Amino acid sequence: MSEITYLEAIREALFEEMERDKNVFCLGEDIGAYGGAFKVTEGLMAKYGEQRVIDTPISETAIVGAAAGAAHMGMRPVCEMQFIDFLSSAYSILTNYVATARYRAMLPCPMVVRGPSGGYVRGGPFHSQNPEAAFLHTPGLKIVYPATASDAKGLLKSAIRDEDCVLYFEHKYLYRRIKEEMPAGDHLTPIGKARVAREGSDISIITYAATVWKALEAAEQVEKEDGLSVEVIDLRTLLPMDDAAIVETVKKTNRVLVVHEDTRTGGVAGEITARINEKAFEWLDAPVLRITAADVPLPYSPPLEDYVLPQTSDIVAGLRKLAAY
Amino acid sequence: MARSGTAASKPANARDDAARSNGSDSLSREQKLELYYFMRLTRSLEERLVNLYRQTKVVGGLFRSLGQEADAVGSAYALDRSKGDILSPLIRNLGSMLVQGAKPNEIIKQYMAKGDSPTRGRELNIHYGDLVRGFIGQISHLGDMVPVMAGVTLSFKMRKQDRVGLVYVGDGATSTGAFHEGINFAAVQRCPLVVVVENNGYAYSTPLSKQTAAKKLVDKAIGYGIAGEQADGNDVIATYEATKRAVDRARSGGGVTLVELITYRRKGHAEHDNQSYVPAGEIDRWASENDPVDRYVKRLIDEGVSKIELTAIDTRVQAEIDTATDEADASPMPDPTDSLAGVYAEPAVVEPLWFREGVKSAVEVHERPSSWGTHDV
Numbered sequence: 053m054s055e056i057t058y059l060e061a062i063r064e065a066l067f068e069e070m071e072r073d074k075n076v077f078c079l080g081e082d083i084g085a086y087g088g089a090f091k092v093t094e095g096l097m098a099k100y101g102e103q104r105v106i107d108t109p110i111s112e113t114a115i116v117g118a119a120a121g122a123a124h125m126g127m128r129p130v131c132e133m134q135f136i137d138f139l140s141s142a143y144s145i146l147t148n149y150v151a152t153a154r155y156r157a158m159l160p161c162p163m164v165v166r167g168p169s170g171g172y173v174r175g176g177p178f179h180s181q182n183p184e185a186a187f188l189h190t191p192g193l194k195i196v197y198p199a200t201a202s203d204a205k206g207l208l209k210s211a212i213r214d215e216d217c218v219l220y221f222e223h224k225y226l227y228r229r230i231k232e233e234m235p236a237g238d239h240l241t242p243i244g245k246a247r248v249a250r251e252g253s254d255i256s257i258i259t260y261a262a263t264v265w266k267a268l269e270a271a272e273q274v275e276k277e278d279g280l281s282v283e284v285i286d287l288r289t290l291l292p293m294d295d296a297a298i299v300e301t302v303k304k305t306n307r308v309l310v311v312h313e314d315t316r317t318g319g320v321a322g323e324i325t326a327r328i329n330e331k332a333f334e335w336l337d338a339p340v341l342r343i344t345a346a347d348v349p350l351p352y353s354p355p356l357e358d359y360v361l362p363q364t365s366d367i368v369a370g371l372r373k374l375a376a377y
Numbered sequence: 020m021a022r023s024g025t026a027a028s029k030p031a032n033a034r035d036d037a038a039r040s041n042g043s044d045s046l047s048r049e050q051k052l053e054l055y056y057f058m059r060l061t062r063s064l065e066e067r068l069v070n071l072y073r074q075t076k077v078v079g080g081l082f083r084s085l086g087q088e089a090d091a092v093g094s095a096y097a098l099d100r101s102k103g104d105i106l107s108p109l110i111r112n113l114g115s116m117l118v119q120g121a122k123p124n125e126i127i128k129q130y131m132a133k134g135d136s137p138t139r140g141r142e143l144n145i146h147y148g149d150l151v152r153g154f155i156g157q158i159s160h161l162g163d164m165v166p167v168m169a170g171v172t173l174s175f176k177m178r179k180q181d182r183v184g185l186v187y188v189g190d191g192a193t194s195t196g197a198f199h200e201g202i203n204f205a206a207v208q209r210c211p212l213v214v215v216v217e218n219n220g221y222a223y224s225t226p227l228s229k230q231t232a233a234k235k236l237v238d239k240a241i242g243y244g245i246a247g248e249q250a251d252g253n254d255v256i257a258t259y260e261a262t263k264r265a266v267d268r269a270r271s272g273g274g275v276t277l278v279e280l281i282t283y284r285r286k287g288h289a290e291h292d293n294q295s296y297v298p299a300g301e302i303d304r305w306a307s308e309n310d311p312v313d314r315y316v317k318r319l320i321d322e323g324v325s326k327i328e329l330t331a332i333d334t335r336v337q338a339e340i341d342t343a344t345d346e347a348d349a350s351p352m353p354d355p356t357d358s359l360a361g362v363y364a365e366p367a368v369v370e371p372l373w374f375r376e377g378v379k380s381a382v383e384v385h386e387r388p389s390s391w392g393t394h395d396v
């Protein structure tokens with residue numbers, strides 16, 4: 053079997069799930085004839101037709117709302133946000149309608165909203181966002197954010213089969229940069245389970261998405277230069293969060309660096325830190341530190357973007373600070 | 020008068036429209052009496068809810084549809100329940116839900132926040148649904164149900180089902196982005212959807228003239244490339260017929276229709292609203308000249324229905340409401356811990372917070388505020 057990219061893994065998951073279940077359909081802007089802004093859905097319309105691969109008007113609220121209505125009736129819609137930055141245009145219907153449907157009205161809402169996320173690509177303020185924290189606060193939604201090609205495939209297939217709405221963030225920096233051979237067969241990655249991306253015993257990095265790779269680079273560097281053994285936890289799912297995996301790594305290393313690409317205030321790292329404080333405080337030998345983006349809209353120019361976003365060297369600095377505490 | 024140049028401000032004209040529709044006899048005598056039953060049930064059930072509200076047994080706000088019973092009942096009646104048609108109601112569509120099979124005891128339990136209400140005490144008032152009977156639980160955010168019903172009807176189209184959907188919006192919701200996105204999407208996809216705009220003159224306190232510069236809301240249909248029709252919403256037969264044409268168009272593959280029903284909201288947004296913003300005499304004029312139940316009674320009697328028959332229906336309605344009230348009153352309040360169930364299919368129950376572990380009830384006495392803080396008590 054040959055290796056495929058993160059992007060191809062997403063496409064493969066869509067093909068497999070549409071083939072497996074005729075209730076699965078895709079809707080979004082420019083996803084059909086054009087194949088999507090990043091070509092994730094290329095070839096889908098040719099195979100499954102315009103009834104199951106729907107080119108929509110520029111209407112994020114209608115895309116999400118229509119998906120919800122179809123999901124109530126037993127369909128399995130997969131919505132594409134052309135850029136995940138536009139998910140905020142559907143914020144109201146997602147948080148007020150979709151997320152509450154099962155609880156307030158016993159209406160199942162099995163649907164996926166996916167889209168290219170994240171920075172490091174010179175996309176500027178509206179094509180680089182990581183809006184996961186805005187939805188982490190909404191009971192009724194699930195959030196996944198894969199870092200590897202095999203998880204990209206396995207999590208999307210699990211998300212499509214989930215009985216509730218899953219927000220599926222796919223990192224556009226990783227789209228064509230990483231490759232992997234897919235596990236054989238019907239590959240499903242469980243939602244709600246973190247992954248140990250690297251075993252270690254001195255310090256833990258808890259992270260997800262593109263910064264998993266930066267954390268791994270940093271871990272290699274401090275092992276070589278400082279003799280530190282760093283564990284890297286790839287959360288994979290942000291909601292529901294894998295508290296057991298977080299507590300386990302805290303107990304193992306007693307020092308934690310939380311890393312994410314999103315801005316700092318109100319971010320996922322704060323939530324992780326609070327959970328560690330409540331569930332594993334007595335296991336800590338140092339305060340939990342955060343490496344995140346600065347609290348600014350993401351700027352376009354390379355010197356600006358690279359200054360704002362967390363880099364491997366920042367993670368190295370964080371690890372050294374924790375080791376010295 | 021706050022609203023000038025709209026049909027809703029001219030009840031006399033609405034009557035002329037009603038006279039034009041008198042010739043139709045597409046409904047049987049039994050069906051016409053059934054329409055009367057649902058209109059009477061809507062009005063009487065709301066009157067009972069007012070009593071329960073004043074007794075503080077209704078724990079939240081109370082929303083009336085006084086004067087709008089014909090548009091709610093007549094439009095919903097145009098759907099075919101045997102085919103599995105589905106509607107999405109608005110807060111003034113108690114009558115539509117009753118037509119689809121909602122039961123008075125469910126409504127009263129919802130208002131009283133009972134544990135065996137359709138939403139188990141999670142949602143208020145008529146915010147609940149049942150896909151089997153063909154009505155879907157609305158949310159408060161106006162306009163959002165249009166894209167949702169676009170999706171429901173998209174599924175009908177994709178599965179080649181012979182079903183139609185109907186979504187109610189008010190004059191206020193036509194100003195929302197969700198309304199625009201949903202109706203446009205449904206129009207492009209030629210979904211079997213009927214969008215009923217109930218133009219009752221006011222969105223909370225805001226008159227139509229401050230909601231839109233459009234002369235008629237039905238004119239918006241042109242911009243979406245869909246059919247549009249305006250009808251007298253206080254004439255139950257005219258409402259039925261206009262909606263039926265739209266339902267037939269949807270079922271035969273003709274796509275979306277915008278139906279504007281002209282009516283009038285005689286009570287406030289909710290029971291606490293004193294309607295200080297309404298011009299003097301406007302409510303009384305609609306009540307005396309254009310009450311949909313009075314108009315329909317007159318019509319039925321003109322067509323040969325006896326007062327005795329109508330009184331028998333009134334008596335039946337009262338008995339049903341009495342029974343429903345007794346049942347709702349005797350129902351238990353929800354178990355507090357049920358609040359943690361059903362957010363997700365999996366996990367089915369959210370873990371209690373550490374300070375709630377083993378706690379059966381958070382407080383000894385549940386405060387029952389007499390208002391939401393929206394007005395002085």
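Residue numbers (our numbering), protein chains in the order written: chain A, 53 to 377; chain W, 20 to 396. Backbone N, C-alpha and C fix where the C-beta goes; we use that ideal spot for every residue, glycine too. Quick caveat: nothing in here was measured; it's all calculated off a predicted structure.
For Ala185(A), the CB contacts under 7 Å within the same chain, skipping 5 residues up- and downstream, are Asp314, Gly318, Gly319, Val320 in chain order. Put simply, the CB of Ile115(A) is near chain W, with a gap under 9 Å to one of its CB atoms. At least 9 Å separates the CB of Gln363(A) from every CB of chain W. Check the Cα spacing between Asp216(A) and each of Met158(A), Arg228(A), Asn182(A), Asp254(A): the tightest is with Met158(A). The shortest C-alpha to C-alpha distance from Leu336(A) to any of Ala346(A), Pro351(A), Ile298(A) is the one to Ile298(A).
Distance from the CA atom of Ser365(A) to the CA atom of Gln273(A), rounded to whole angstroms, is 9 Å. Counting along the chain, Leu185(W) sits inside the beta strand (DSSP E) bounded by residues 184-189. Beta-bridge annotation (DSSP): His288(W) is not paired with any residue. The beta carbons of Pro168(A) and Glu222(A) sit closer together than 9 Å.
DSSP places Phe57(W) in the uninterrupted alpha helix (DSSP H) bounded by 48-73. Looking at the backbone, the Cα of Lys74(A) and that of Val237(W) are separated by about 37 Å.
For Asn148(A), there is no enclosing beta strand (DSSP E), as DSSP marks it with neither H nor E. Apart from the 5 residues on each side of it in sequence, Gly201(W) sits with its Cβ closer than 6 Å to the Cβ of Val165, Pro166, Ala169 in its chain, given in chain order.
The C-beta distance from Lys303(A) to Ala332(A) rounds to 6 Å, short enough to meet the 8 Å contact threshold. Residue pairing by DSSP places Gly80(A) opposite Asp107(A), Glu132(A) in a beta bridge. Within chain A, the residues placing a beta-carbon under 9 Å from that of Ala364(W) are Arg154, Pro160, Pro162, Asp214, Glu215, Asp216, ordered along the chain.
Excluding five sequence positions before and after Gly287(W), the CB atoms of its chain that fall closer than 7 Å to its own CB belong to Asn293, Gln294, given in chain order. Residue pairing by DSSP places Gly247(W) opposite Leu277(W) in a beta bridge. Closer than 9 Å to the CB of Lys194(A) there is at least one CB belonging to chain W. Ile105(W): member of the beta strand (DSSP E) spanning 105-107, first to last residue. Sixteen is the threshold: when 16 or more other Cβ atoms of the shown chains lie within 10 Å of the Cβ of Ser210(A), as they do, the residue is buried. Scanning the region 107-189 of chain W for uninterrupted beta strand (DSSP E) segments of 3 residues or longer gives 184-189, listed from N- to C-terminal end.
Bridge pairing for Gly167(A): Phe221(A) [DSSP]. Asp313(W): member of the alpha helix (DSSP H) spanning 311-321, first to last residue. As computed with DSSP, Asn218(W) is found in a beta bridge with Ile281(W). Approximately 6 Å separates the beta-carbon atoms of Ala261(A) and Gly170(A); this is inside 8 Å, confirming the contact. When the alpha-carbon of Tyr172(A) is set against those of Ala376(A), Tyr352(A), Arg307(A), Val368(A), the nearest one is in Tyr352(A). Residue burial is scored here from C-beta neighbours: Asn329(A) has fewer than 16 other C-beta atoms within 10 angstroms and is therefore classed as exposed. Ala123(A) places its beta carbon 9 Å or farther from that of Met133(A). Interface annotation for the region 195-221 of chain W against chain A: Gly196, Ala197, Glu200, Gly201, Asn203, Phe204, Val207, criterion Cβ-Cβ distance under 7 Å. Contact between the region 317-326 of chain W and the region 68-77 of chain W is absent, with fewer than three C-beta pairs closer than 8 Å.
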